[in-house]
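Protein chains in written order, with my numbering: chain A, 23 to 305; chain B, 14 to 305.
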Amino acid sequence: MKKKGKVNSSIIFTILGAIAAVLTLFPMYIMLVNSFKGRAQIFTDTMGLPKPLDFSYYINATQKMNFLRALTNSLLITIISITLIIVFSSMTAWALVRSKSKLSNGILYLFVITMLIPFQSVMIPLMQYMSKWEIKAINFSMMDTFYGLIFMYIGFGTSLSVFLYHGFIKGVPRSLEEAAVIDGCNKFQVFWKIVFPTLKPITVTVAILNVIWIWNDYLLPSLVLRSPNLRTIPLSTFYFFGEFTIQWNLAMAGLVLTIIPIIIFYLFSQKYIIKGVMEGAVK
Amino acid sequence: MNKKFKSKITTALFVIPSLFIFVNVVIIPFFMGIIYSFTNWNGFAFNGSSFIGFKNYVEAIGDEKFAASFWLTTKYTLVMVILVNIVGLALALLVTSKIKGKNLFRGVFFLPNLIGGLILGFIWKFIFTKFFEQLGELIHSSKLFFNWLDNPTAAFWALVVVGVWQMAGYVMVIYIASIESIPDEVMEAADIDGANPWVKFKNITMPLIAPAFTISLFVTLSNSFKQYDTNLSLTNGGPFGSTELITMNIFQTAFGYNKYAQAQAKAIIFFLVIMVVTIFQVYTTKKREVEM
């Protein structure tokens, strides 16, 4: 009797879950089917399957969005920013943990309390300040360049990353490092050969949290980048969508294109993503 | 002595790169912003601007549009905090129950969170306009399904729907972590005592996941307050400027109307409000955790 009740509750939960999943995925379904439909079908039937299947909007959208360019730009900016955030913040956190002093505590607090500052509260002076970092003779400028944008991403990504590394390193025993010092390693060797490999779990978390944020960020690149050929995916989506909202099929095809990289990334690293978000949030 | 000095130098070398960048990107602009907000800075050279005391703040508070977007943001945040947490907790309970295909469901519910707010807003723009119009005609209920983005009240709820759709999965993950850490023995003991599911939920699950509430409320509170991307892509403040959230108002004041100093005063007010509200929230929910 009791067993039967259990089976039933499992079926009910699964049905509820399926309903919630369909509701969650429904907008994506609508986006997908309408990216293949002709104008006439969109006006009469948004819900049904496309007939015939027309791929031309994808070709058109790829060209109009300069999609491959935007994809390369986004990949470049995200990968370089994440790498540098990981290098700098892990080193900083390790040095702060190992040199117990008032100064290092103060620096950690500085990182932590500023996590509350919203981007919008610093963006206006930031843009003015960064536009002054300019050397015309060698064409150096923080505005409208990838290195300028990456520099700012490191600045905004450091706090949380240092904080996460700091929490993790506190639990890493010193003994291995001391042995390496006796063997004659200098600090850089100790860090990169001994310490950094043991930080792998938290490095994955830091990488994932920063990827989600930087990949999807719209506001900062919209303020920093001006040239159309430097646009990231969110930027080119924005300009593209502004131009083609009347042509919904083309617009939907463009949106599907922007989501494909995210889905691929998600399929390959779902386990790490959910774990990373869990750890990042709980701390 | 020499060795100690050398070790200090290397420590400094480890800390300086990130500290240098961080100070220049966050700390210096933050203090510049505080100073600018008390001047008549016009967005170009700061030289030549003069201090005008609290004038920008007085004007910001007196600005009707700012007051309106402030209230709208407050309303939006309040509704979001409640709905996101209810939906997120419900999903978490569902995927930690005796459901089949747990990981698949978790993966699906979390997916919207990975797609940026800008792109989500664009997807839903199509749904709320074209799809809703057709659905209304099809099932003869054009009172509920019409172009939501043409109507101020409906447009507000459109923002809420997209926000809940995006954030519920994130909050779900936080609740899952907490629910899974409840020891099995506790639940088994309750089963033996004959507790029904509701009693178990109310008397065991809820108190034990109190720390997750602190985090989830904090996350939804600050993210809703800072919402910008979805607002931009879904409604762009419309119809008739009725859905302009506070971040959009700050942006428009600066880059739309070129009132940079006033926009910065609003940005500082925005920062202070976020800080006070989140600290108050964490403080009160933490206190409840201890009591429970």
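Just so you know, even glycine gets a beta-carbon here, dropped at the ideal spot from N, CA and C. None of the values given here were measured: they were computed from a predicted structure.
query	result
Give the DSSP-derived three-state secondary structure of Leu32(B) in the structure shown.	helix
In chain B, which residues lie less than 7 angstroms from Lys209(A) when you measure between Cβ atoms?	Thr23
Rounded to the nearest angstrom, what separates Phe35(A) and Ile64(A) at their Cα positions?	35 angstroms
In chain order, what are the residue ranges of uninterrupted alpha helix (DSSP H) at least 4 long that sit wholly in the segment 57–113 of chain B?	68–75 and 77–108
I believe Met137(A) touches Leu182(A) by the beta-carbon criterion, under 8 angstroms. Please report the beta-carbon distance rounded to the nearest angstrom.	6 angstroms
For the pair the segment 253–265 of chain A and the segment 78–94 of chain A, tell me if three or more CB-CB distances fall below 8 angstroms.	yes
Does Met180(B) come within less than 8 angstroms of chain A when only Cβ atoms are used?	no
What did DSSP end up calling Ser244(A) once you bin it into helix, strand or coil?	helix
Have a look at Ile81(B) and Thr256(B) and give me their C-alpha separation to the nearest angstrom.	First, the amino acid is wrong: residue 81(B) is Ala here, not Ile. C-alpha separation (whole angstroms): 9 angstroms.
Can you find at least 3 beta carbon pairs, one from the segment 102–117 of chain B and one from the segment 31–45 of chain A, that sit closer than 8 angstroms?	yes
Taking the C-alpha atoms as reference points, what is the distance between Lys300(B) and Ile228(B)?	13 angstroms
Asn262(B) and Lys88(B): beta carbons closer than 8 angstroms?	no
Under the assumption that Thr68(A) contacts Asn82(A) (Cβ atoms under 8 angstroms), give the Cβ distance between them as a whole number of angstroms.	With 8 angstroms as the limit, Thr68(A) and Asn82(A) do not qualify as a contact, their Cβ atoms being about 20 angstroms apart.
Under 8 angstroms, Cβ to Cβ, is there at least one residue of chain A near Val199(B)?	no
Would you mind telling me which residues of chain A sit closer than 7 angstroms to Ala208(B), beta carbon to beta carbon, in chain order?	By Cβ distance, chain A contributes nothing, its closest Cβ being about 15 angstroms from Ala208(B), past 7 angstroms.
Mind checking if Tyr188(B) is an interface residue toward chain A, Cβ cutoff 8 angstroms exclusive?	no
Considering only the beta carbon of each residue, do Ile132(B) and Thr259(A) sit closer than 8 angstroms?	yes
Are the CB atoms of Ala280(B) and Gly46(B) within a distance shorter than 8 angstroms?	yes
Please name the residue in Ala40(A), Gly302(A), Ser143(A) and Ser249(A) whose C-alpha comes closest to that of Pro223(A).	Gly302(A)
I'd like to know whether the C-beta atoms of Ile176(A) and Ile107(A) end up nearer to each other than 8 angstroms.	yes
On the criterion of 16 or more Cβ atoms from any shown chain inside 10 Å, does Val310(B) qualify as buried, or is it exposed?	There is no way to answer for residue 310(B), as the model of chain B reaches only from 14 to 305.
Please report the residue range of the alpha helix (DSSP H) in which Phe185(A) lies.	Phe168 to Ile191
Can you give me the C-alpha to C-alpha distance between Val119(A) and Phe118(B), rounded to a whole angstrom?	39 angstroms
Please determine, among Ile40(B), Ile152(B) and Glu72(B), the residue with the shortest C-alpha to C-alpha distance to Pro140(A).	Ile40(B)
Verify the CB distance criterion: does Ala280(B) have a CB-CB separation below 8 angstroms to chain A?	yes
Would you say Gly177(A) lies against chain B (beta-carbon separation less than 8 angstroms)?	yes
DSSP three-state call for Glu257(B): helix, strand or coil?	coil
Quick check: the segment 94–103 of chain B against the segment 229–243 of chain A, are there 3 or more CB pairs under 8 angstroms?	no
I'd like to check one pair, Val217(A) with Trp116(A): are the Cβ atoms closer than 8 angstroms?	yes
Quick one: what's got a C-beta closer than 8 angstroms to Leu75(A)'s C-beta in the same chain, skipping five residues either side?	Phe58
Measure the CB-CB distance between Met174(A) and Val109(A) and report whether it falls below 8 angstroms.	no
For the alpha helix (DSSP H) holding Val327(A), just list the boundary residues, first then last.	Summary: the structure shown does not reach residue 327(A), with chain A confined to residues 23 through 305, and so no result is reported for it.
Does Met288(B) get closer than 8 angstroms to chain A when you measure Cβ to Cβ?	yes
Return the CA-CA distance between Asn271(A) and Trp137(B), expressed in angstroms with no decimal places.	14 angstroms
Taking its Cβ as the centre, do 16 or more other Cβ atoms sit within 10 Å of Gln13(B), making it buried, or is it exposed?	No statement about residue 13(B) is possible, as the shown extent of chain B runs from 14 to 305 and does not include it.
Use the C-beta contact count for Lys272(B): other C-beta atoms within 10 angstroms, 16 or more gives buried, fewer gives exposed.	buried
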